[in-house]
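Enquirer: 824 is the number that the numbering used here gives to position 824 of the sequence shown; each next residue is one higher, with no gaps. Just so you know, even glycine gets a beta-carbon here, dropped at the ideal spot from N, CA and C. Starting off with a structure, shown below.
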Amino acid sequence: MAANAGMVAGSHKRNEFVMIRQGGEAGPKLLKKFDGQECQICSDTVGLSDTGDLFVACNECAFPVCRACYEYERKEGNKSCPQCKTRYKRHKGSPRVDGDDEEDDVDDLDNEFNYRQGNVKAAHTWQLQGQAEDVDLSSSFRHEPQHRIPYLTSGQQVSGEVPDATPDRHSIRSPSSGYVDPSLPVPVRIVDPSKDLNSYGLSTVDWKERVEGWKLKQDKTIMHVTNKYNDGKGDMEGTGSNGEDLQMVDDALQPLSRIVPIPSNQLNLYRVVIILRLIILCFFFQYRVTHPVHDAYPLWLTSVICEIWFALSWLLDQFPKWYPINRETYLDRLALRYDREGEPSQLAPVDVFVSTVDPLKEPPLITANTVLSILAVDYPVDKVSCYVSDDGSAMLTFEALSETAEFARKWREYEEFKVRINALVAKAQKTPEEGWTMQDGTPWPGNNPRDHPGMIQVFLGHSGGLDTDGNELPRLVYVSREKRPGFQHHKKAGAMNALIRVSAVLTNGAYLLNVDCDHYFNNSKALREAMCFMMDPALGKKTCYVQFPQRFDGIDLHDRYANRNIVFFDINLKGLDGIQGPVYVGTGCCFNRQALYGYDPVLTEADLEPNIVFKSCCGSRKKRKGGNKSYIDNKKRAMMRSESSVPIFNMEDMEEGIEGYEDERSLLMSQRSLEKRFGQSPIFIASTFMEQGGIPPSTDPASLLKEAIHVISCGYEDKTEWGKEIGWIYGSVTEDILTGFKMHARGWISIYCMPPRPAFKGSAPINLSDRLNQVLRWALGSIEILLSRHCPIWYGYNGRLKLLERVAYINTIVYPITSIPLIAYCVLPAICLLTGKFIIPEISNYAGMWFILLFISIFATGILELRWSGVGIEDWWRNEQFWVIGGTSAHLFAVFQGLLKVLAGIDTSFTVTSKSSDDDGDFAELYVFKWTSLLIPPTTVLVINMVGIVAGVSYAVNSGYQSWGPLFGRLFFAFWVIAHLYPFLKGLMGRQNRTPTIVIVWSILLASIFSLLWVHIDPFTSPTQKAAVMGQCGVNC
């Protein structure tokens, strides 16, 4: 599609399609159904193991090799897997060879000395089982092999040369290499149990010659690769420089990433301390519950309830960090496998999404820099497409993007670009009464941001828009979806779903990466880092997304308001990566498009094994055949995609009368069911089956533009599953949590990638009010999920969500509720100082021991956590401080706003976080005071505690205490609260060290009202005591 085709706008509902500025329907990809898995050496069926499962020779890569070839390779060959070069492990029933580990299993030794008898027994077992075991891998049918080479013809003697083969004798191999392409799945076919093993050619001279011929062909392939990279100077020995080339070939077969475990001496001690802390907590609560304070019972009861909730909150936060891991990628292996120099790149196409709403709060210069960083990424230009979603339909954003496209052709840094963008911003400050008009006099279609047609402009593309040196540029597309009154647009989630559809129609990248407009590519190899996981044969088919940590620029040196959020990104997400993967945090995330379409992952037998909890509850599979029905149901559900994800097969490839024809025909989906799921767009529906991405080359560009306008129309999602099961999920302002949760519930895993150089960097609100409003929006989204049907407490128990992953999701939605006990607990010190009461009775030596042990365990847990994660003590302390600041302000407001929104239907306005470039310098935004009601509760807590300290010390000095111990305990309690709120206090004072008058007035007013009510009620004085004081004591005095 030409880059200079001009902007198109229109509305499918109104049957409008216009070309504003001037400068066929694609069928689904048809797949063939695989009948079974064949040995890649002798081309016979792989067969079953002694247990009746599919025989797997190599536990590392599952390279399909039959039992006979496996035994021959162990006995006569190099004893290793032909694909990953890992040494074959000895399977039960196989004869021992030199180098095998010693085993003491009696059954295994019997099989070793009676191997031939065991084979006969196994064959007899297969005959008895018949067709009882049937492995259905319909989820793998969607993968169509790109290249094929002939099999070794069965029954034919081979002397190293491969004869021509018929079309039905092909395997999934690339013609440019002699090994199996690991990026493509291997078809599975179970050996016929009733067929004699000798009919497969096992243990015959012909079979051995075919194996030797296959090995000779492998040697010739390696020789060919060596000669290719060394101008014909290679040799078979692999010495000298040729040895390095052979090593290069071997590296290309290795995994693209690996898990780097945390040192056991750090992790084991950390886990022991967690268990000890849990035990100490039990004894602590046993003491607290059994030793009430009778003269201050309300204070004691309140404190115990708060402490129990804090302990529960700690458990929800702590146990998902039980299995922290690190990961390491191998970009050189990725290049050797998919991006060799001098050959067409086999890297998967990626569509990058950039979302923006308000150009006044999200400066166009920041968005332009983000787009330029995407266009300059280290990735094949024909594999990258950038889509910018302008959900505010602002002409300023459109013109800024036009300037960015022109600048991208030059690739020279110069000040004029910034000047031109800032000039556009200055011009946009005053909107004309008649609305904006374009350069050719045409009215801007998006003058009314709530009522405008869909707009698409392709600025740069693969068929045009070259730079000044004639080099091709990645595609750059401007998109503004249609908006009409009366339609629900679902904010950012709706905009992202519109981008999914329009990108599928125009480019259809196999993977999607979304970033906020202020998050630029800080690492040009970020896409390659993600592909090390997405294109890995072992991980790629079950990975829904790769999440990168967020890193920020422009934050003050001491990170006053914990904007970096280091504890969450470097501790919590590392812990989740060892379970089922990190949660989706809304930006810097690379998605598998198939996962966003609601498909189930391709799971292996190991993924379907019951977890430890299931085994302990339901017993072993071998011992209880009828007690694991839920596991079998989960296995069937995971091995077969849901009805909406069953692939379409080519009817021409099906022959009438052949066996299985009716079964294949039953898998066809009707056009109606597809439209009900994906919407009424044949081109988009066809793209959902092209798992490797791309669009048919014969597609008419004009028809694509018209279809793109159609899929971003406001009524396209009506009566479909968009936002319910497909794409970004609706129902919360924090759509990221819901979207990731739905994928994990289907059984997908996610990956946490932390390259040495941060992949992305963005901006964060360093102003106190902006920061609190940002936290308010996050907390409000959590409350919305808590009160919805997608709440992790009760949703998704029929899926494949792991227990600790569910605990982590529960923690992400219940944490705002902690604000209620937190405020109560922060007010308790002041009450104790004003009344002379305390929440703890007189402490004995035994009780003091548990208090000391509890504090020691808390600090030990934190120190060990910092040790294995590498987080600094200052970052940890800032996180603790802001937990109290946010809990006493934004989280509290979120709880009440969420209840009003869900129960009463009172919606709150969505506020976009301001993203300033801080052109004034010296962190000017840090000291600017912006009034918000969120400042009142924490200020009131500060004032009450300060008043309590003054009152407590004055009372002690005037009256004299029998023991100063209780006073010091109360003072320590109050100073603990003030120390946590100290950054908030500094934020109130600003640069002039003066708290705004309005905040002081409101806080003193609330503190005075609270004090007067307390004196009036006097809850710790009984009626009899009050009567005695007033001189009204009677007989019962």
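Return the first residue and the last residue of the alpha helix (DSSP H) that Ser819 is part of.
Expert: That run of the alpha helix (DSSP H) goes 819 to 835.
Enquirer: Return the CA-CA distance between Tyr297 and Ser857, expressed in angstroms with no decimal places.
Expert: Distance between the alpha carbons of Tyr297 and Ser857: 28 Å.
Enquirer: Give me the residue from Leu780, Leu854, Asp600, Tyr797 with the minimum Cα distance to Gly887.
Expert: Of Leu780, Leu854, Asp600, Tyr797, the residue nearest in Cα terms is Leu780.
Enquirer: Within its chain, find whatever has a CB closer than 7 Å to the CB of Trp876; leave out the 5 residues flanking it on each side and keep chain order.
Expert: For Trp876, where only same-chain residues beyond five positions count, the Cβ hits under 7 Å are Val567, Gly862, Leu866.
Enquirer: Under the three-state reduction of DSSP, which class applies to Glu133: helix, strand or coil?
Expert: Note that Glu133 has pLDDT 39, beneath the 50 cutoff, so the model's placement of it is unreliable and the number below is only indicative. Coil.
Enquirer: May I ask you to list the residues that DSSP assigns as paired with Tyr478?
Expert: In the DSSP output, where bridge partners are listed per residue, Tyr478 has Val388, Gln457.
Enquirer: My output table needs one value for Tyr297: the three-state DSSP class, helix, strand or coil.
Expert: Residue state, collapsed to three classes: helix.
Enquirer: Going by CA-CA distance only, name the one from Tyr982, Lys706, Lys742, Ile766 that's closest to Arg800.
Expert: Nearest of Tyr982, Lys706, Lys742, Ile766 to Arg800, Cα basis: Lys742.
Enquirer: Could you tell me the distance, in whole angstroms, from the CA atom of Ala9 to the CA atom of Ile936?
Expert: Taking the straight line from one Cα to the other gives about 47 Å.
Enquirer: How big is the Cα-Cα spacing for Glu73 and Lys541?
Expert: Using only the alpha carbons, I get a separation of about 29 Å.
Enquirer: Who does Val325 pair with in a DSSP beta bridge?
Expert: What sits at residue 325 in the sequence shown is Ile, not Val. Ile325 pairs with Pro261.
Enquirer: If we call anything under 8 Å between Cβ atoms a contact, is Val479 one with Val502?
Expert: Yes, the pair counts as a contact, with Cβ atoms nearer than the cut-off.
Enquirer: With a cut-off of 8 Å on the beta carbons, I'd call Tyr809 and Pro792 a contact; round off their distance for me.
Expert: Right, their Cβ atoms sit about 4 Å apart.
Enquirer: I'd like to know if the segment 418 to 437 and the segment 383 to 393 are in contact, where contact means that at least 3 CB-CB pairs between them fall below 8 Å.
Expert: At 8 Å Cβ cutoff, the stretches do not touch.
Enquirer: What would DSSP say about Leu512, mapped onto helix, strand or coil?
Expert: DSSP places Leu512 in strand when its eight states are reduced to three.
Enquirer: Work out the CA separation of Trp794 and Leu365 for me, nearest whole Å.
Expert: Whole-angstrom Cα-Cα distance: 44 Å.
Enquirer: Kindly identify the DSSP beta-bridge partner or partners of Asn592.
Expert: Answer is Tyr511, bridged to Asn592.
Enquirer: Would you kindly report the start and end of the unbroken beta strand (DSSP E) that includes Arg551?
Expert: Taken as a continuous stretch (DSSP letters only), the beta strand (DSSP E) holding Arg551 covers 551 to 553.
Enquirer: Less than 6 Å between C-beta atoms, sequence neighbours within five positions excluded: which residues of the same chain meet that for Pro359?
Expert: Same-chain partners within the cutoff: Ala394, Leu396, Thr397.
Enquirer: Looking at Met496 and Gly679, is the spacing between their C-beta atoms short of 8 Å?
Expert: No; because the gap between Cβ atoms is not below 8 Å, this pair is not in contact.
Enquirer: Can you give the Cα-Cα distance for Gly99 and Gln40, rounded to whole angstroms?
Expert: Using only the alpha carbons, I get a separation of about 25 Å.
Enquirer: Alpha carbons only, please: which of Pro82, Arg757, Gly952 is nearest the one belonging to Ala974?
Expert: For the residues Pro82, Arg757, Gly952, the minimum Cα distance to Ala974 belongs to Gly952.
Enquirer: Under three-state DSSP, which class holds Phe353?
Expert: Strand.
Enquirer: Could you tell me the alpha carbon to alpha carbon distance between Gly848 and Arg288, rounded to whole angstroms?
Expert: Cα to Cα, the separation comes out at about 12 Å.
Enquirer: Could you tell me which residues DSSP pairs with His452 in its beta bridges?
Expert: Paired residues: Lys483.
Enquirer: Kindly identify the DSSP beta-bridge partner or partners of Lys761.
Expert: Answer is Tyr520, Arg551, bridged to Lys761.
Enquirer: Please report the residue range of the alpha helix (DSSP H) in which Tyr88 lies.
Expert: Neither: Tyr88 is in no alpha helix (DSSP H) and is coded neither H nor E.
Enquirer: Are the beta-carbon atoms of Leu331 and Val505 separated by less than 8 Å?
Expert: No; because the gap between Cβ atoms is not below 8 Å, this pair is not in contact.
Enquirer: Check whether the Cβ of Leu375 sits closer than 7 Å to any heavy atom of the ligand GDP, and report yes or no.
Expert: In terms of ligand content, the structure shown is empty, and the ligand GDP therefore cannot be addressed.
Enquirer: Could you name the residues that DSSP lists as bridge partners for Ile726?
Expert: Beta-bridge pairing links Ile726 to Trp722.
Enquirer: List the endpoints of the continuous alpha helix (DSSP H) containing Ile579.
Expert: Unbroken run through Ile579: none, as it is neither H nor E.
Enquirer: Between which two residues does the beta strand (DSSP E) harbouring Tyr752 extend?
Expert: Element bounds for Tyr752: 749 to 752.
Enquirer: Per the DSSP calculation, Pro443 is bridged to which residue(s)?
Expert: Looking at the DSSP assignment, Pro443 forms a beta bridge with Thr437.
Enquirer: Quick one: give me the first and last residue of the alpha helix (DSSP H) that Tyr815 is part of.
Expert: Careful: Tyr815 lies outside any alpha helix (DSSP H) and carries neither H nor E.
Enquirer: Since Leu316 and Asn811 should fall inside the 8 Å C-beta cutoff, what is the C-beta to C-beta distance between them, to a whole number of angstroms?
Expert: Their Cβ separation, rounded to whole angstroms, is 4 Å, which keeps Leu316 and Asn811 in contact under 8 Å.
Enquirer: List the whole-angstrom C-beta distance separating Gly586 from Asp351, where the pair is believed to meet the contact cut-off of C-beta under 8 Å.
Expert: So it is not a contact: roughly 17 Å between Cβ atoms.
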